[in-house]
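Undergrad: Here it is, the structure in full.
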Amino acid sequence: MARQWGMVVDLDRCTGCEACVVACHAENNIATVGEDQAARGRAMHWMRVERYWEGNFPNVRVTYRPVFCQQCGDAPCESVCPTYASYHNPEGLNAQIYNRCIGTRYCGNACPYNVRFFNFYNPVWDKPLNLQLNPDVSVRSVGIMEKCTFCIQRIKVAEFRAQAEKRPLKDEEFNPACVQSCPPKAMVFGDLDDPTSEVSRLAQSNRSTRLLEEVGTLPNVIYLRSVS
Amino acid sequence: MAAHSPEKLNEDVLRPLVRTSWRFYLTGGILASIVLAALAAFIYQVYTGIGVSGLDRPVFWGFYITNFVFWIGISHAGTLISAILRLTDARWRRPVTRCAEAITVFALLIGGMFPIIHLGRPYLFFWLFPYPSERGIWPNFHSPLLWDAFAISTYLTGSSIFLYLPTIPDFALVRDKAQGWRKKFYGFLSLGWTGTPKQWHRLEMAMRIMAVVILPVAVSVHTIVSWDFAMAPVPMWHSTVFGPYFVAGAIFSGIAALIIAMAILRKAFHLEEYLTPFHFDKLGKLLLMMSLVWAYFIIAERLTVWYGNESPEMAVYWSTQQGRFTHLFWFMVICNLAVPFLILSIKQFRNTITGPVIASTTVVIGMWIERFLIIVPPLERKYLPYSWGTYRPSWVEITITAGTFAAMALLYMIFSKLVPIISVWEMKLGWQQEGEVPRAVASQAPLPQLAPRADLPAAGN
Amino acid sequence: MERRDFLKISAVSGATAALDACGKPERQLVRFIPETDLIPGIAVWRPSVCVMCPAGCGTTVRVMEGEAEVTRHGQLGLIKMGLAKKIEGNPDHPVNHGKLCPRGQSSLQVTYHPDRIRHPLKRVGARGAGEFQEVSWEAGIQELVTRLSAMDSAPAGQGLLIVARPVRGQRRVLLENFAKALGAPPPIFYQFYEDALLRRANALSFGHAQLPTFDLAHSNYVLCFGADFLGTWNSPVAQNVAYGEMRQGRPNVRGRLVQIEPRMSATGANADQWIAAPPGSEGLIALALAQVMLAENLRPASAAGQAGALIEGWATGLKDATPEKVERKTGVPAATLRRLARELAANPPAVVIIGDAPLAQSNGLFNALAVNALNALLGSVEQPGGLTFTPAPPGMAAAQGLPAQPTSAYASLRARLGLSKPAPPSPPQLLLLDGANPVYALPDAGVKEAIAKIPFIASFGNFVDETSVFADLILPDHTPLESWMDDVPESGSLEAVASLAPPTMKPLHHTRAMPDVLLEAAQKLGGSVSKSLPWTSYEEMLRSTYAPLQKEKGSIQASSTEEFWSAARKQGGWWSSEVVAPGQRPPTVGAAARAVQEAQFAGSAEEFPFFFLPYESQQFLDGALANLPWLQEMPEVLSTVMWGSWVEINPATASRLGIEQGDLVEVSSARGSVRAPALIFPGIAPDMVAMPAGQGHEQYTRYATGRGANPFKILASVVEPETGSLAWAATRVRIARVGKGKLALFGGSLREWPREFEKR
Amino acid sequence: MRAVYGLYPDPAAAERAMKRLRASGSTLGFDARHICLAASEPLDEFDLGWKDQKTPMPWLAALGGLIGGTSGYFLVSLTQRAYPLPTGNMPIVALWPTGIVVYEMTMLGAILTTFISLLVSARLPHWSKGVYDPAVSEGKILVGVVNPSQATHDELVKTLREAGAEEVKDFPSS
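So the protein lines, in turn, are chains A, B, C and D.
1 is the number of the first residue of the first sequence in my numbering; add one for each residue after it.
229 is the number of the first residue of the second sequence in my numbering; add one for each residue after it.
690 is the number of the first residue of the third sequence in my numbering; add one for each residue after it.
1450 is the number of the first residue of the fourth sequence in my numbering; add one for each residue after it.
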């Protein structure tokens, strides 16, 4: 059964607490790069909370916007990859096949959302921090691109379990790590092709927008505008 | 003042092949050490990770791709110029074509290395080529990088053949003049050329076909290189003007490189008699024209962006007009437009050799900066302003960049030591067709010595 | 296959393996007997309790079989064991409802920290030199017992000083009883951002010496003074969960948030309206709002009850707090105040929150009381959508650790260390440290010297920090993942909660749980001590204290103690099934009414033109979490800074002083100065600078040592007079550019589409 | 291969020699195909056998281009179809990328065909087998007859010399 995994991010709920940021690091074996590398723009945050200031003191406002791979329907990163390392999986995800990646970084340039991250060095975990690594997720080596996968390892486990129990996958039976952790429930994950799912219900909201829609990437992440 | 004579030509052209001064070894040694330093830097980079470069997120491409585009641009010096000149039968091309075509081949070799140098995992570069593999998967033909691979390999094959074919008779000439290992070496390279009418006819035919075929290839190569950028939805990359803009820029920088190369060869190998101010004047005019074409393109590109006034593009626009890259941008305009225009539009300056060489030098610098400004500012200011970044090259990138210039010079030096740098037979043919110099002094009745043409002033000004 | 062939093959492969091992040292390691009953590759989830902050969230830990390099009996080797892989919120827990903040999730790295203390240590070098030598547990505990018995003979055990990080539940009971049995004064539970003042205010206003719980999920209007309740304050996960519901959880109702503070916090950034008011003026503003409500008859004065009676002039309509008068003092327009008051009254249920900096003023108690009175006036106390108090689980007295008369731990600790006058009658002879780090987090001068003066120091902490580096004996505790855990959250839940969890994994290193060590020491000490702590293990102690809950109506229906125990372990605790009915406050105590107080600041406005705000950081709280790389690399949401400190400066101020982003700035108060790079921050008042707490550790693992600056170092000892709490937001400073600094910023532009050309 | 040849100082002399040889071919027992010529530059303007040269090279190049382009098309379409990776909403074999590869392969085909057809039709490489004299490099023009019969050798030498040869030699020189 074909699914179209998607996510709805309610900007009116997001509080910028960054629980999603650490959840993503913990789930996906994302390396910390240290101060020097971070200062050089090489920090890996598949999930980030963008913060924009508006106005000047005292009439100043902030908007938060969690940004991660938008799992585009027409993904610019896919067509530019010469080795098919970046490809569209049957469930509509922009998958990154780490083994195929040779590090042209073209996908990183083509991505309008800048949500692709490059391993400039081999990742290091000071022992025994390596014990925190999630065995379900491969550790990426130097010279390859990585990005948000919608926690594909969780998707696969849930699908296998449903298959083994001979039942359809239930809506919100599982969630990517960021969605799971989000305290104000700003993120909802699910099958956009299932009209009964929470995510497709929310996607119908009159507040729904997509990020950089004008670029034509057909993202599968829907943002619900903040009300005020 | 020496008259043009085949004998002297033979001697002048062949002299560099056998006689080598200490200056050559010194220069070669310096260049080789720079190349070795670059090689060491590259090995260090492969060993440690490409993190030793200054690249970051979101500026995933920097000096390496700048060098790639720059050198592929320089490569248009030769084949394209020489093919155009051949097709239009510009007779003054004859002493120029070989120098130019050699630039093409070496610039392509150097430029073609950069997509590999810049890879995160350079040891897997061959995955870019379509070959059946155990992975059961072929490269993605949708990727402009694949088109690059096709275009560049076609161009490299074509221009190598284009360079080689007219050299065969000259190899035969060297073979006949040389002794020892050289005789064998050039004998091998000349393929046993004897100069029968059939050989000459086929060679000329082949060159005519090649000139026709190589032109669109050259145009396509830089168009496709431009598409590496224009195909990605990056502000100010995603532009239809990029194809012709890049091709024009390529020819522009190619001519500049050719003028510099010619000036150096002329001086180093005392070829004043063949590479005359006349040639520099002609190429100078061409450079001036390309400078104006380049200016036209940059205005076309900038004006449309400015008028369109879309936020993402304007962010990039302003970063080059009134931001971080302003100085670099205006320096580029001075290099590519102001200096060439001032020097080359004034006949007195153009007719010197120094003038065009100065203009060419600034153009080469300016065009390198242009490539840099095309690549880096848009990546620094790509859509979501939260993810904007900055790029600063590291010593590794600078060393490797310096290494490519040294490698170019070194390869060119070695080439000039191994191959007659002026196409001897084409020169002779030219003189014969111009009726300027008797193609050989007749045995019975000595022909009267003809004076050189007025527009071919003697060398050694 | 023939047997001989098999032997041949195995001989060959054995040889290959041996050859292989020569190259790679890790393959030469001994393999220990596996310590796991897990199925390889299959994850199990086990409950635990988060102790990264005092909120008391319930967690669930993903445990999988893995291979760890450990030392067992002095031998390095490999062992297959259950390893915690990820920490998430316990979905059933009433505080956090399956959610967890970034700090809680990072607690995984405490267990696997490379610089964790792996076995008991005894000091060998000079005090503070950090030179230790491994000792056996037996020797370590014996040493502690010997020292304690020596103490016992000192006058009434007064020489024992226990300083612990704030904990609740049986761990707290254990520490308190231990001290009591030895005749020592009660343990001091210290962290920099303490809550004594708010507890005191709530005790005065509502008869509850407890932190408030806000039922935001049902609020329609929230006015918040300074509290970063979505970031770090009180029970942030619970408040975030409720906030999400408040905004978009109800059909056709969207609660509004107004935040009043001079420096925009991560919470203020979410407000529908953000109002900058000078520091210390919060109480006055609250009174102005009350005044409007009273003057316009939006609410009757009597609604405020006891809380209102605590404010002078309440009964007569707060004539001195008219919006116009308050505008003159605070600069907040009278029209805004009127509008706010009307909106508050017109949008029930509405609630007012005060926390963080407004309480850390010399008039903090007044501010808190004024806000409490406003809440009472609004009728939001112990009402749905308002302010309420998490009930204590029945039969578990003192488990929430609520004192009858809340006093400031800061004041107690300073007094005990002889840093305030008068000096204590008997100086401490023996210091027991449990995770507290006063040398770093106590701002007074001379803390280091006072600590170093104590004859014997024992620490239970997992890391060598600025304080425990002075320890003579380190008896490293298990991490929460390796221990029996319990907690009784004080706020964040509308129902009574008692969290409980068995260890989720076997100890990685040669550590022991602090409660077990204390119990063992108590046994060894004998006498009254062993009588008051009769358990042989912490598990046993928990079992006995949790037993009464079996009879209570709650999340567990069990017929036997064993069944209850097993269910509680599996579920991660017990929680009552019903929200305790509102309005069951005990009669309030009489107290003198407070007149309007103005905040006093250390330093003159001429010499020190800026208010200084050392706020609790999103990553490190008061600095105890700075050792975790995930948090170090997590970009703070407003500044986007990673791995460092910074000084927030208003753009106009910065350009006036010629300071650019990233310039190194020296912030000086009368007490001293710190240096950090400047960060241009549009959301801060021009007469204020702010610094996040948490960095600037001199000694705290490889990830935190020598990184950034500690703003506590320049704080003057201004206190709130009634509670003795530190008024940490009452120091004034001056700033000067001293050079070029370095900022690791994750974010690029401050604004969505900045016009770079506009600047030029 | 044997030959007798003369070295001529200029094209006019070579033309004369050529004429004579053609005239005397029937008497001396060889025909036009046996006449050989070598020069250090093309001599299109003289009647030395250039004008009657014909070659299908342009057509071969076009054919080569066609083959190259076709194989380019099949390379792209067959391999992509053999491993059809999902591409989202995009076609597996798309027009533009295929077009570009086909274009480049067409050009490569034409280039390689031109090169190969040159080598084949000009009989290259032809190391040290052709009738040649290093003096050609000096500008001399070699005109001679390959595989002359022994009987007419002296006659040939005479003819070549009379045509103005500076030297008449045997090939291979003994």
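From the three backbone atoms N, C-alpha and C, an ideal C-beta is built for every residue, glycine too.
#1: With DSSP collapsed to three states, give me the class of Glu756 of chain C.
#2: Between Ala682 of chain C and Trp826 of chain C, what straight-line distance do the alpha-carbon atoms span, to the nearest angstrom?
#3: Looking at C-beta atoms only, is the number of pairs between the segment 453-463 of chain B and the segment 484-495 of chain B that lie closer than 8 Å three or more?
#4: Is the Cβ of Glu146 of chain A closer than 8 Å to any Cβ of chain D?
#5: Counting only beta-carbon separations shorter than 8 Å, does Pro1522 of chain D have a partner in chain B?
#6: Do Leu837 of chain C and Ala1210 of chain C count as a contact pair if the criterion is CB distance below 8 Å?
#7: What are the partner residues of Ser197 of chain A, as DSSP defines its beta bridges?
#8: Report buried or exposed for Gly1463 of chain C, applying the criterion of at least 16 other Cβ atoms within 10 angstroms of its Cβ.
#9: Within its chain, find whatever has a CB closer than 6 Å to the CB of Phe399 of chain B; leave out the 5 residues flanking it on each side and keep chain order.
#10: Buried or exposed: where does Ser1172 of chain C fall if 16 or more other Cβ atoms within 10 Å of its Cβ makes it buried?
#11: Go ahead and pull the three-state DSSP assignment for Asp404 of chain B.
#12: Within the same chain, show all residues whose beta-carbon is closer than 7 Å to that of Cys790 of chain C, passing over the 5 residues directly before and after it, in chain order.
#13: Just verifying my parser: in three-state terms, what is the DSSP assignment at Gly348 of chain B?
#14: Could you give the first and the last residue of the continuous alpha helix (DSSP H) run that contains Gly778 of chain C?
#15: Counting only beta-carbon atoms, is Tyr614 of chain B nearer than 8 Å to chain C?
#16: By Cβ distance, which residues of its chain are closer than 7 Å to Lys147 of chain A, with the 5 residues on each side in sequence left out?
#17: Determine the direct distance from the alpha carbon of Val1453 of chain D to that of Ala1606 of chain D, and round the result to whole angstroms.
#18: Could you tell me which uninterrupted beta strand (DSSP E) segments, each at least 3 residues in length, are contained entirely in the segment 1128-1162 of chain C, listed from first to last along the chain?
#19: Do you know how far the Cα of Ile1403 of chain C is from the Cα of Asp1311 of chain C?
#20: Using a Cβ-Cβ cutoff of less than 7 Å, which residues in the same chain neighbour Leu169 of chain A once the five nearest sequence positions on both sides are dropped?
#21: Skipping 5 residues on each side, what residues in its chain have a beta carbon closer than 6 Å to that of Ile1590 of chain D?
#22: Measuring alpha carbon to alpha carbon, tell me which residue in C:Thr1329, C:Gln995, C:Ser1362 is nearest Ala955 of chain C.
#23: Taking the alpha carbon of Ala900 of chain C as the reference point, which residue from C:Glu1322, C:Val1040, C:Gly1044 has its own alpha carbon closest?
#24: Are there any heavy atoms of the ligand FMN lying less than 7 Å away from the beta-carbon of Met1554 of chain D, as far as the coordinates show?
#25: Considering only C-alpha positions, which residue in the set C:Val852, C:Lys774, C:Ile806, C:Ala839 is nearest to Asn130 of chain A?
#26: DSSP on Asp1175 of chain C, reduced to helix/strand/coil?
#27: Run through DSSP, which three-state label would Ser79 of chain A get?
#28: What residues in its chain sit with their C-beta under 8 Å from that of Leu1231 of chain C, if we drop five residues either side in the sequence?
#29: Ala1141 of chain C: which of C:Gln1118, C:Glu1296, C:Phe1149 sits nearest, CA to CA?
#30: Determine, using beta carbons only, whether Trp455 of chain B and Pro568 of chain B come nearer to each other than 8 Å.
#31: Interface residues of chain B around Ala1452 of chain D at Cβ under 7 Å?
#32: Near Arg805 of chain C, which residues of its chain fall below 7 Å by C-beta distance, leaving aside the five closest residues on each side in sequence?
#33: Is there a Cβ from chain A that is less than 8 Å from the Cβ of Arg667 of chain B?
#34: Determine the closest residue to Phe1495 of chain D out of D:Gly1521, D:Lys1468, D:Ala1511, with distance taken between C-alpha atoms.
#35: When we look at the beta-carbon of Lys236 of chain B and count the other beta-carbons within 10 Å, is it buried (16 or more) or exposed?
#36: For Ile574 of chain B and Gly512 of chain B, what's the separation of their Cα atoms in angstroms?
TA: Quick answer:
#1: The answer is strand: DSSP assigns Glu756 of chain C an E or B state.
#2: Past the boundaries of the shown model lies residue 682 of chain C; chain C is included only from 690 to 1449, so the question cannot be answered.
#3: In this structure the segment 453-463 of chain B does not touch the segment 484-495 of chain B; the number of beta carbon pairs closer than 8 Å is below three.
#4: Taking CB atoms only, Glu146 of chain A has no neighbour in chain D less than 8 Å away.
#5: Residue 1522 of chain D is actually Tyr in this sequence, not Pro. Output row for Tyr1522 of chain D: interface = no.
#6: In this structure, Leu837 of chain C lies closer than 8 Å to Ala1210 of chain C by Cβ.
#7: In DSSP, Ser197 of chain A forms no bridge with anything.
#8: Because residue 1463 of chain C is not part of the residues shown, which for chain C are 690 to 1449, the question remains open.
#9: Closer than 6 Å at the Cβ level, and outside the excluded window around Phe399 of chain B, lie Tyr414, Leu417, Ser418.
#10: So Ser1172 of chain C counts as buried.
#11: Assignment of Asp404 of chain B by DSSP, reduced to helix, strand and coil, places it in the helix class.
#12: Apart from sequence neighbours up to five positions away, the residues of its chain that approach Cys790 of chain C with a beta-carbon distance below 7 Å are Pro925, Val926, ordered along the chain.
#13: Note: Gly348 of chain B maps to coil in three-state DSSP.
#14: Unbroken run through Gly778 of chain C is the beta strand (DSSP E), 764-778; no alpha helix (DSSP H).
#15: Interface with chain C (8 Å Cβ-Cβ cutoff): Tyr614 of chain B is included.
#16: If the five residues before and after Lys147 of chain A are omitted, its C-beta is found closer than 7 Å to the C-beta atoms of Trp46, Cys69, Gln96, Val115, Arg116, Phe117, all from its own chain and listed in chain order.
#17: First, the amino acid is wrong: residue 1606 of chain D is Val here, not Ala. Those two C-alpha atoms are separated by around 7 Å.
#18: The segment 1128-1162 of chain C contains these whole beta strand (DSSP E) runs: 1145-1148.
#19: Distance between the alpha carbons of Asp1311 of chain C and Ile1403 of chain C is about 15 Å.
#20: Excluding positions up to five away in sequence, the list reads Ala158, Glu159, Ala162.
#21: Cβ within range, chain order: Tyr1457, Ala1463, Ala1488.
#22: The shortest Cα separation from Ala955 of chain C among C:Thr1329, C:Gln995, C:Ser1362 belongs to C:Thr1329.
#23: The sequence shown places Leu at residue 900 of chain C, rather than the Ala named in the question. Checked all of C:Glu1322, C:Val1040, C:Gly1044; the closest Cα to Leu900 of chain C is C:Gly1044.
#24: This structure simply doesn't include the ligand FMN, nor any ligand for that matter.
#25: The residue with the shortest Cα to Cα distance from Asn130 of chain A is C:Lys774.
#26: Annotated three-state conformation of Asp1175 of chain C is strand, per DSSP.
#27: Reduced to three states, the DSSP call for Ser79 of chain A is helix.
#28: Cβ within range, chain order: Gln859, Trp1173, Asp1175, Leu1189.
#29: Considering only C:Gln1118, C:Glu1296, C:Phe1149, the residue with the shortest C-alpha distance to Ala1141 of chain C is C:Gln1118.
#30: When the beta-carbon positions are compared, Trp455 of chain B and Pro568 of chain B stay at least 8 Å from each other.
#31: Within chain B, no residue has its beta carbon less than 7 Å from that of Ala1452 of chain D; the closest one is some 11 Å off.
#32: In its chain, beyond the 5 residues on either side, Asn1151, Phe1152, His1198 have a beta carbon closer than 7 Å to the beta carbon of Arg805 of chain C.
#33: Below a pLDDT of 50, predicted positions are generally treated as unreliable, and Arg667 of chain B, at 45, falls in that range; no measurement from the model is reported.
#34: For Phe1495 of chain D, the nearest C-alpha among the options comes from D:Lys1468.
#35: Lys236 of chain B comes out exposed.
#36: Each residue's Cα considered, the two are about 10 Å apart.
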